[in-house]
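Residue numbering for the sequence shown follows the numbering used here, starting at 1 and increasing by one per position. In this text, a Cβ means the ideal position worked out from N, Cα and C, and glycines have one as well. First up is the structure itself, then whatever we jot down about it.
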Amino acid sequence: MKVGFSKAERLLQIESIIVNHPGIRRLELSKRLGVHRSTISRDIDELSTMYPLTEDEEGGLFFIDGFSLDSITFSSYEAVYVYLACKLITDTLDRHSPYAASAIRKLGGAIQKVSPSLSDVMITDADKLDGSRQIIDKTFISVLEKLTEGWIKHNVVRLEYNSPNHKELRVYEVGILRILPNRLGGTFVVLTYQMVEKKLRLFRIDRIKSVTSLEEEFKVPCNLEVEKKLSEAWSIWFRRSEERRVGKECRSRWSPYH
């Protein structure tokens, strides 16, 4: 089972897959994207009106030589850091992640000229993110989309959260400050500002069951030291401001998201 895409999302996926897998056939595209072959054929016809897309006698799809979906260029040293940044994502996520896969394929294509070997590794990693071994979690994809939209538009959102410490879903109204990888959990976390409690809090995205955008603009409080909090964070933990004394040592208290 594949996650359903909108038409625009599917066209972007097809573009990046053909660029990085020239010669791929319509049947394979339909399997990868979980749609009927007739849908892929209509998409190919539409793409052909926008891009120099060709099909050989055996049904292999290609973009004409020299065509590129982007014009980003990197030095060899920059390419290594692009790879390392993408590797953090591919090593973190255990869920089917079509947006991450598409982004990494495009970056892999952008560094192909300067480092074909790194490009090949990135494209292979991207294929894993939308491969059959990944966990299919439609709720995760939907939640991540809505969190991203709320973050970009600076909207307050309402979360329904499945906390392991409570039997019932908990509801929070928050502003979104960051979306971050959590390598220990195989997922992403979202750093938020709780509007009622007026404090920072991390939520695991795979535990969020729904996100609703509210008709309220989120303005980051001027005294909110986000970067300082992030520098104090270790994995999923935040240091509290108060301290307690244990024996002769003064230790900080830690508060996990839950």
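In chain order, Phe140, Thr187 place their CB closer than 6 Å to the CB of Asp206, counting only its own chain and leaving out the 5 sequence neighbours on each side. Residue range 7-20 is occupied by the alpha helix (DSSP H) that includes Val19. Here Pro164 is exposed, its C-beta having fewer than 16 other C-beta atoms within 10 Å. A contact between stretches requires three or more CB pairs, one per stretch, nearer than 8 Å, and the region 116-127 meets this requirement with the region 71-88. Per the Cβ contact rule, the region 11-24 is in contact with the region 90-110 (3 or more Cβ pairs under 8 Å). DSSP places Leu53 within a strand segment (E or B) once states are collapsed to three. Judged by beta-carbon spacing, Ser213 lies within the 8 Å limit of Gly150, meaning their Cβ atoms are closer than that value.
The C-alpha of Gly60 lies about 8 Å from the C-alpha of Arg26. Counting only residues of its own chain and dropping the five nearest sequence neighbours on each side, Phe74 has a CB closer than 8 Å to the CB of Val82, Ala110, Ile111, Val114. Cβ-Cβ distances below 7 Å link Thr54 to Phe62, Ile64 in the same chain, with the five nearest sequence neighbours on each side left out; the list follows chain order.
Short of 8 Å from the beta carbon of Leu147, and not among the five residues preceding or following it, lie these beta carbons of its own chain, in chain order: Val157, Ile176, Ile179, Val190, Ile205, Ile208, Val211. In its chain, beyond the 5 residues on either side, Arg26, Leu29, Ser30 have a beta carbon closer than 6 Å to the beta carbon of Ile40.
By the neighbour-count criterion, in which a residue is buried when 16 or more other Cβ atoms sit within 10 angstroms of its Cβ, His96 is buried. Assigned with DSSP and collapsed to three states, Glu160 falls in strand. Using a Cβ distance threshold of 8 Å, Ile89 and Gly108 do not count as a contacting pair. Distance between Pro98 and Tyr51, taken at the CA atoms: about 22 Å. Non-local C-beta neighbours of Leu47 in its own chain, meaning closer than 6 Å and more than five positions away in sequence, comprise Leu53, ordered along the chain. With respect to Val220, Thr192 sits apart: the two C-beta atoms are not nearer than 8 Å. Within the region 127-176, the complete beta strand (DSSP E) segments at least 3 residues long are 155-161, listed from N- to C-terminus.
Distance from the CA of Leu93 to the CA of Asp56, rounded to the nearest whole angstrom, comes to 36 Å. Between the alpha carbons of Gly131 and Arg32 lies a distance of about 8 Å. Residue pairing of Gln194 in beta bridges, as defined by DSSP: Val174, Lys199.
Leaving aside the five residues that flank Phe203 on each side, the residues in its chain whose CB is nearer than 7 Å to its CB run, in chain order, Leu159, Tyr161, Val189, Val190, Thr192, Tyr257.
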